[in-house]
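Okay, so here's the structure we're looking at.
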Amino acid sequence: MNTNTNQDIDFEKLPSVDLLDYISFKDEFPKEAEAAFVQFCYRFEKDLKRKSEIYCNKYGYNEVVALEITHCTFARVWKYPTFDKDKSKAKDFDKGILIWMYRILYTQIIKYGEKNTCAEPTEEEDLSLVTNSDELLSKFDVPDDAEAKRVVVAKLKTIERALTQLSEKHRIIYFTYRAYQKEGKKVPRTITKLLREKLSLTQKSVNTYYGDAHRHVTNYLDIMNGQA
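Per the numbering used here: the sequence shown = residues 520 to 747.
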């Protein structure tokens, strides 16, 4: 990051990850951070607003609320620009940033439903729920081989189709468990707590939803593979 404040910086030409770096130094370089944030919002507003409208429509919210949720999400980015490019599974960092913001966006929608206002940003939101196959894919170490990656993507899309036959809670719990559950280990308590709070469920209900979803996906895949 260029910290020479006497030199003009062309923020329009900077990669998005560099814009986030400038935003993270807002205390040390406030003017540069504000300029970087303006460009960051301009760069991602269209995609984020479109996703917000899609999510909000599922919850019965109108375009006004969708726009407010978009602004809530950008406010969260301004306060906590914590995107980690080293952990992003997306080869294109802009796509990785969008996936990261989509999770924040969804969190804001859930909290908006609870309070009818923007949620106060917290770093805890980095432990986000996983709502679809694209977000789940970003959590995996996907092979560089194009054919191997195609197989992984195809399987995840098949699972997503299977879950369309169940409720949204089934889908979120299933994808979130698959994202954070390591072989031979339980899902971290911070994640199960997040699921309980954001979906207004008891842990027993969360376990039941996951069990139902897991059996449904297994049966669906068996039928697809001609084993049933």
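Every residue, glycine too, gets a C-beta built ideally from N, C-alpha and C.
Pull up the CB-CB distance for residue i and residue j, whole angstroms please, since I reckon it's below 8 Å.
i: T677; j: L740; result: 7 Å
i: Q491; j: T592; result: The shown model of the chain, from 520 to 747, leaves out residue 491, and the question about it has no answer.
i: I691; j: Y699; result: The Cβ separation is near 12 Å, so there is no contact.
i: F530; j: A554; result: 5 Å
i: I616; j: S724; result: Not really, about 33 Å apart at Cβ, beyond 8 Å.
Assuming residue i is part of the alpha helix (DSSP H), what are its boundary residues?
i: L685; result: Per DSSP, L685 belongs to no alpha helix (DSSP H) and is neither H nor E.
i: K570; result: P549 to K577
i: Q722; result: Q722 to M743
i: E582; result: E582 to K598
i: I710; result: R708 to L718
i: L538; result: S535 to S543
i: S748; result: As shown, the chain starts at 520 and ends at 747. That puts residue 748 outside it, with no answer to give.
In terms of alpha-carbon separation, which member of the options lies closest to residue i?
i: Y800; options: D611, R680 and L567; result: This structure cannot settle anything about residue 800, because the visible part of the chain is limited to 520 through 747.
i: E654; options: S543, W619 and I710; result: W619
i: F556; options: C575, W597 and A585; result: W597
i: I528; options: K550, S543 and D546; result: K550
i: L720; options: K688, E679 and Q558; result: K688
i: N576; options: I629, Y729 and R708; result: I629
i: T683; options: K712, A665 and V736; result: V736
i: K545; options: E564, Y580 and Y599; result: Y599
What's the gap between the Cα of residue i and the Cα of residue j?
i: A673; j: I742; result: 16 Å
i: T727; j: H733; result: 10 Å
i: G632; j: V584; result: 11 Å
i: K532; j: R622; result: 26 Å
i: L538; j: A594; result: 15 Å
i: A747; j: D731; result: Below a pLDDT of 50, predicted positions are generally treated as unreliable, and A747, at 48, falls in that range; the measurement from the model is reported next regardless. Approximately 18 Å, taken between the alpha carbons.
i: Y578; j: S571; result: 11 Å
i: L675; j: F602; result: 24 Å
i: S686; j: K610; result: 31 Å
i: N525; j: Q722; result: Reliability fails at N525, whose pLDDT of 39 lies under 50, so the model's placement of it is uncertain and no value is given.
Distance cutoff 9 Å, beta carbons only. Does residue i sit that close to anything in chain D?
i: V596; result: Note that chain D does not occur in the displayed structure, where there is just one protein chain.
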